Every structure is written in C-alpha cells, then in structure tokens.
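So that you can map any letter, position 44 of the sequence shown is 45 in the numbering used here, and since no number is skipped, the others follow by simple counting. Beta carbons: idealized from backbone N, C-alpha and C, even for Gly. All figures in this text were calculated on a predicted structure; none of them were measured in a lab. To keep things clear, I will list the structure first and then write my remarks on it.
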Amino acid sequence: SNRPNKISVIENKYSNISYAFGDYFIVSNGRKSGVLDVSGNTVIPLEKDTIQNIKGTNIVQIIDSNTKTSEIYNKKMEKVLELTDIRVYIKDNYLKVTSANGIAYLDYDGNKKDAKDIFTNNEIFAKEQNGKWGYVDKNGNTVVDFKYDMAIDLNEYGFGAVKQNGRWGVVDSKGNEVKAPTYELNEYAPNFIGEYYEVSSLYEVAYFTNEI
Numbered sequence: 002s003n004r005p006n007k008i009s010v011i012e013n014k015y016s017n018i019s020y021a022f023g024d025y026f027i028v029s030n031g032r033k034s035g036v037l038d039v040s041g042n043t044v045i046p047l048e049k050d051t052i053q054n055i056k057g058t059n060i061v062q063i064i065d066s067n068t069k070t071s072e073i074y075n076k077k078m079e080k081v082l083e084l085t086d087i088r089v090y091i092k093d094n095y096l097k098v099t100s101a102n103g104i105a106y107l108d109y110d111g112n113k114k115d116a117k118d119i120f121t122n123n124e125i126f127a128k129e130q131n132g133k134w135g136y137v138d139k140n141g142n143t144v145v146d147f148k149y150d151m152a153i154d155l156n157e158y159g160f161g162a163v164k165q166n167g168r169w170g171v172v173d174s175k176g177n178e179v180k181a182p183t184y185e186l187n188e189y190a191p192n193f194i195g196e197y198y199e200v201s202s203l204y205e206v207a208y209f210t211n212e213i
C-alpha cells in the first residue's frame with residue numbers, strides 16, 4: 002500500500018491528523034479542522050471548530066462552537082443533517098440524533114432513515130404537521146391529532162413521549178395518553194415506561210421514576 006507515504010506528506014503540514022473512515026482523515030492546524038482524502042485533497046476546508054468521527058460509524062460530525070450547530074456528513078461525505086445542540090445516541094443498528102427541533106435517525110453510514118424502517122414492530126409513528134406533532138400509522142393515516150409541541154416515537158417498551166406547554170406526558174402503543182403532559186424534564190427525548198421516566202447521570206445506572 003502506498004498509504005503511509007501519502008500520510009507522511011500530509012502529517013508534515015498539520016499539527017494533528019486522525020483517521021475518520023474509508024479514505025478520509027481529520028486534520029487540524031491547532032485552531033481549525035478540516036477533512037482530507039487519502040490523496041491529500043481537501044474534502045472539508047480547514048475552517049471548522051471541531052470535527053469528529055462518531056465512534057464505530059462512517060459518519061463525521063462538525064460542530065460550530067459559537068452557534069452549537071452540528072453538521073452530520075455521511076459515508077460519501079455528503080451533508081445529511083444540520084441541527085442545533087444535538088445529542089447522539091448510538092443504538093444497535095442505528096443512531097438517534099435528538100435536538101430541540103426534532104429527532105433524526107441514521108444508519109451507520111449516515112443515511113437518513115424513517116422511524117418505520119427502524120421500529121418495525123411499532124404501529125404508530127411520530128409526525129410533525131404545521132408545527133404540531135401527532136402520530137400516524139404505517140400508511141400515514143392520523144391516529145393521534147397534531148396537537149402536541151413535540152412527540153417522540155415509541156420506545157422498545159411501547160411508550161412514546163409527548164410535550165405540551167413545556168411539560169412531558171406519555172402515550173401507549175395505540176396512541177392513548179397514559180399520562181397527560183405533567184413532567185418538566187430537561188430532555189429532548191425522554192424515555193418512559195408507563196408513567197415512569199428514565200433518569201440517568203454520568204455515574205449512575207439509569208433508573209425510572211414518576212416524581213414530579
């Protein structure tokens with residue numbers, strides 16, 4: 002392989018170089034970062050604050066530290082998402098990207114996926130219409146009216162989270178409200194089992210509570 006020679010040429014120009022995936026490398030000059038291909042061609046100019054590979058995937062995340070905006074690039078280095086203040090959850094065969102203005106699902110190559118492609122056992126799916134959220138079935142028929150400020154797809158336990166006036170509640174697998182919006186949670190996508198929501202911190206095992 003002629004890769005090492007090309008890399009040594011690249012390395013002399015930058016203060017830091019790390020392998021992203023495929024033929025792509027993240028380079029930095031100490032202040033700004035960019036992406037090069039294996040031949041040293043610029044793929045993303047050296048003008049970004051932070052660039053990182055999302056571990057175990059063929060995806061790159063670019064973060065603007067002023068606006069807290071993240072851009073997500075797929076395996077082909079095409080931009081697929083741009084969202085503010087995101088959290089990325091790596092699941093068994095997909096990624097969940099949550100932000101204040103919605104949730105996106107990606108496969109490990111960064112291709113956007115529909116909830117119905119991922120949650121194949123679910124009968125209802127969160128959908129936004131004219132700024133309000135509800136739930137539809139696989140065919141797109143409305144099951145729960147578009148009345149919430151936010152709705153989250155059903156989790157593996159069969160419960161979805163719904164938000165109204167800054168408070169979160171819970172729906173079951175058919176879209177019935179199990180708990181009216183009651184909880185003020187600092188989460189973009191809280192996780193519920195019935196009326197119990199998941200609480201997790203960096204040091205503790207996650208647990209579920211119904212404290213208001």
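Shown here for ASN156: same chain residues with a beta carbon closer than 6 Å to its own, the five before and five after excluded, namely ASN192 in chain order.
Between ILE64 and SER71, the C-beta spacing is below 8 Å. Here DSSP, grouped into helix, strand and coil, assigns LYS69 to coil. In this structure, PHE126 is the residue among PHE126, PHE147, ARG168 with its C-alpha nearest to the C-alpha of LYS175. When DSSP states are grouped into helix, strand and coil, ASP86 belongs to the coil group.
Residue range 43-49 is occupied by the beta strand (DSSP E) that includes LYS49. A Cβ-Cβ contact shorter than 8 Å links ASP150 with GLN165.
With a threshold of 16 other beta carbon atoms within 10 Å, ILE87 meets it and is buried. By the criterion of a C-beta distance shorter than 6 Å, LEU186 is surrounded in its chain by TRP169, once the five residues flanking it on both sides are discounted.
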